[in-house]
Amino acid sequence: MEKEQLDRNQVIVRTSIIGIITNVFLAGFKAAIGLISNSIAVVLDAVNNLSDALSSVITIAGTKLAGRSPDRKHPLGHGRIEYLTALAVSFIVLYAGVTSLIESVKKIIHPEAADYSAVSLIILAVAIAAKLVLGRYVKKKGEETHSASLSASGSDALFDAILSSSVLASAIFFLLTGISLEAWVGVIISGFIIKAGIEMLSDTLSDILGRRADENVSREIKRILNEEPAVRGAYDLFLHNYGPDKDYGSVHLELPDTMTVEEVDELTRRVETRVYCETGVILTGIGVYAYNTKDDEAAHIRNAVQEKMMEHDGVLQVHGFHVDTEKKEIRFDAVMSFDVNQKECLKALYEETEQMYPDYQIQITPDRDISD
């Protein structure tokens, strides 16, 4: 696993360095063209390239820091640093967009005629082609390494190529008609940069706050668990992320009440190994629900209660159901939708279950719909 992490970091760093070199050269060429031709749109495009280069520098720093080994203070590693660096990149992009917008508005209020040459237009066209190649390359490497920062940089580069094309189109339009649209194109570019920054910020904040588990991963884990003959169901799957490709989880398994502790131990160790090998998720804890197998009355009660509970729109699932007919105890978990008030829904479930079985002590554990 450490070797894979090392290889991943090397790919991210190498790809980011290529991005830095390319963006610095492109920024230099565009800045020169913009200043010579007095084009605010081209200058802003150059600024956008510089912000991309700075983003790559921060990505490298974040990858290096995130790749440090776990220590006593941080036993689960430093992977979440990548999210903090992504946050910094988001603010850089936003700042670039806002400053670009301000400069573009100034040019609209106080317009200055641009003066394009054939050479400058050719250089712009070459820069667009280079950005397209860079974007495809970076995005591909981001997908291969599961790096959100690289994938975002690749998508941003492809988008930059489109924006640069609009600058080139406005220049050609000016040469053909004498009408300058470059300041307005600068406003449009600024708007797209700001939009990209807001989207990056939103995605990064979601990573920091904690996202819903990936549907494909959670379904794959439950499929693996449910393939065990003794498992009657896998529930309450929690996935905790500590950086890209650093996922830990916990889950409850519903097992027959006839299994011994030794049998449960063998089963949990087996599924932990398989889940890790097939999904990369480390299951740090597996809880157990006992499933009634020796009492027909318990099965009848379970079916009746489940049917009643599922009549509520806010109840998505009932699991972990166990009945002790001798001690007169019923306990189960109810998964509730985020659209309902949990306290009110839980109160209603208690009242209905107690009406059905007034002689029993009821214990209902409320769960939220945290994974698919």
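Counting from 108, one number per residue, gives the positions in the sequence shown under the working numbering. Idealized CB from N, CA, C, for every residue including glycine.
The beta carbons of Gly350 and Gly184 sit about 7 Å from each other, so the pair counts as a contact at 8 Å. Residue ranges of uninterrupted alpha helix (DSSP H) with 4 or more members are absent from the segment 162-206; none lies entirely inside it.
Counting only residues of its own chain and dropping the five nearest sequence neighbours on each side, Phe198 has a CB closer than 8 Å to the CB of Gly304, Leu308. In the three-state DSSP reduction, Met416 falls in the helix class (H, G or I). The distance from the Cβ of Phe136 to that of Ala234 is about 6 Å, consistent with a contact at the 8 Å cut-off. Shortest Cα-Cα distance from Ala411 to any of Glu373, Gln462, Ser272, Lys434 involves Gln462. Going by DSSP, Val294 is part of the alpha helix (DSSP H) stretching over 289-316. Residue pairing from DSSP places Asn348 in a beta bridge opposite Asp354.
Bounds of any alpha helix (DSSP H) do not take in Asp476, whose DSSP letter is neither H nor E. Contact annotation: Gly126 and Leu241 have beta-carbon atoms nearer than 9 Å.
Between the C-alpha atoms of Ser123 and Gln117 there is a straight-line separation of about 10 Å. When C-alpha distances from Leu191 are compared across Thr380, Asp314, Ile469, Ile393, the shortest belongs to Asp314. Sequence-distant Cβ neighbours of Val196 in its own chain, meaning closer than 6 Å and more than five residues away, are Ser162, Ile165. Beta-bridge analysis with DSSP links Gly141 to no other residue. Ile437 sits buried, since 16 or more C-beta atoms from the chains shown fall within 10 Å of its C-beta. For Met463, no beta strand (DSSP E) encloses it; the enclosing alpha helix (DSSP H) starts and ends at 449-463. With a 10 Å radius around the Cβ and a threshold of 16 neighbouring Cβ atoms, Leu283 comes out exposed. Sorting Glu250, Ser272, Ser273 by C-alpha distance to the C-alpha of Ser262 places Glu250 at the top. A direct Cα-Cα distance of roughly 49 Å separates Leu157 from Leu332.
Closest by C-alpha distance to Phe281, out of His359, Glu385, Cys452, Ser224, is Ser224. Nearest to Val368 by C-alpha distance, out of Ile393, Gly387, His347, is Ile393. The three-state secondary structure of Tyr383, taken from DSSP, is helix.
Ala264 sits away from Asp352, with the two beta carbons spaced by 9 Å or more. In the displayed model, Ala441 falls within a strand according to three-state DSSP. When the five nearest sequence neighbours on each side are left out, the beta carbons in the same chain lying within less than 6 Å of the beta carbon of Leu344 are those of Ser325, Val358, Ser478, in order along the chain. Beyond the five residues adjoining it in sequence on each side, Tyr342 comes within less than 6 Å, by CB distance, of His359, His426 in the same chain, given in chain order. Distance between Asp403 and Gly174, taken at the CA atoms: about 55 Å. Counting along the chain, Ile286 sits inside no beta strand (DSSP E), nor does DSSP assign it H or E at all. With a contact defined as Cβ atoms closer than 8 Å, Gln413 and Lys435 miss out at about 19 Å. Comparing alpha-carbon positions, the option among Asn448, Leu208, Lys247, Asp440 lying closest to Lys302 turns out to be Leu208.
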